[in-house]
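Engineer: First, the structure itself, so that you have it in front of you.
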Amino acid sequence: MKKLNIGMIGYKFMGKAHSNAWKQAPHFFDVAAEPVLKVACGRHAGPLQEFADRWGWEEIETDWQKVVKRDDIDIIDIGVPTHLHHDIAVAAAKAGKHIFCEKPIALTVQDADRIVILVTILIIVIIYQLARQMLLGQQNGMLVLR
144 MKKLNIGMIG YKFMGKAHSN AWKQAPHFFD VAAEPVLKVA CGRHAGPLQE FADRWGWEEI
204 ETDWQKVVKR DDIDIIDIGV PTHLHHDIAV AAAKAGKHIF CEKPIALTVQ DADRIVILVT
264 ILIIVIIYQL ARQMLLGQQN GMLVLR
């Protein structure tokens, strides 16, 4: 089974709730990929390490930007206070990560719009590049998006 490495930004209430959800998902749903609790991120190393040990995170990091930039991370799970969502979501989108963001997505409609527009543009660019590669490679068939 394919594995998806998760970077959890935030380790307090929502970090705990999301950690539990990732661990429980395969027991309730037919999942196409196994969620791997790869790295938990927060500002304070001591309590963060306790969180990671309790929930089974492999590593800890105190700098969210380092987590977002990691090549081995597939999903950025944003479980921090709302006023921090925008910057993390934008950086994650620019890094090509899947984003799982606690609601509300942002404090303002303008910040939420920026996130949605950026993600939409990036998806269109990725789809365009994939279609172009298929055409140049003379691959025929149907492109199915999931």
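If you want the working numbering, it's the position in the sequence shown, counting the first as 1, plus 143.
Cβ atoms here follow ideal geometry from the backbone N, Cα and C, with glycine treated the same way.
(1) Could you compute how far the alpha carbon of residue 290 sits from the alpha carbon of residue 196?
(2) Just verifying my parser: in three-state terms, what is the DSSP assignment at residue 144?
(3) With a cut-off of 8 Å on the beta carbons, I'd call residue 181 and residue 158 a contact; round off their distance for me.
(4) Under 8 Å, Cβ to Cβ, is there at least one residue of chain B near residue 225?
(5) Which residue comes first and which comes last in the beta strand (DSSP E) that contains residue 201?
(6) Please classify residue 220: does DSSP put it in a helix, a strand, or coil?
(7) With a threshold of 7 Å (Cβ to nearest heavy atom), would residue 202 be considered close to the ligand GDP?
(8) Which of the three DSSP states, helix, strand or coil, is assigned to residue 243?
(9) Under the DSSP definition of a beta bridge, which residues are partnered with residue 180?
(10) Considering Cα atoms alone, identify which of 257, 248, 184 and 178 is closest to residue 225.
(11) Leaving out five residues on either side along the sequence, give the residues of the same chain with a beta carbon under 7 Å from the beta carbon of residue 186.
(12) Tell me whether residue 186 sits in a helix, a strand or coil according to DSSP, three-state version.
(13) Roughly how many whole angstroms lie between the Cα atoms of residue 191 and residue 279?
(14) Got a sec? Which residues, its chain only, sit under 8 Å from residue 210 by beta carbon, not counting five neighbours each side?
Structural biologist: If we stick to the structure as given:
(1) Outside the modelled stretch of the chain, which goes from 144 to 289, sits residue 290, for which no answer is possible.
(2) Residue state for residue 144 is assigned as coil, using DSSP reduced to three classes.
(3) That pair is no contact at about 14 Å.
(4) Going by chain labels, chain B is absent from the structure shown, which holds only one protein chain.
(5) Unbroken run through residue 201: none, as it is neither H nor E.
(6) Reduced to three states, the DSSP call for residue 220 is strand.
(7) Of ligands this structure carries none, so the ligand GDP is not represented either.
(8) For residue 243, the secondary structure class from DSSP, reduced to helix, strand or coil, is strand.
(9) Within the DSSP bridge table, the entry for residue 180 names 149 as partners.
(10) It is 248 whose Cα lies nearest to the Cα of residue 225.
(11) Contacts found: 205.
(12) Looking at residue 186 - three-state DSSP - the assignment turns out to be coil, as it is neither helix nor strand.
(13) Distance from the CA atom of residue 191 to the CA atom of residue 279, rounded to whole angstroms, is 48 Å.
(14) Here residue 210 has 150, 152, 182, 184, 204, 216 and 219 as same chain residues with Cβ atoms under 8 Å from its own Cβ, once five neighbours each way along the sequence are excluded.
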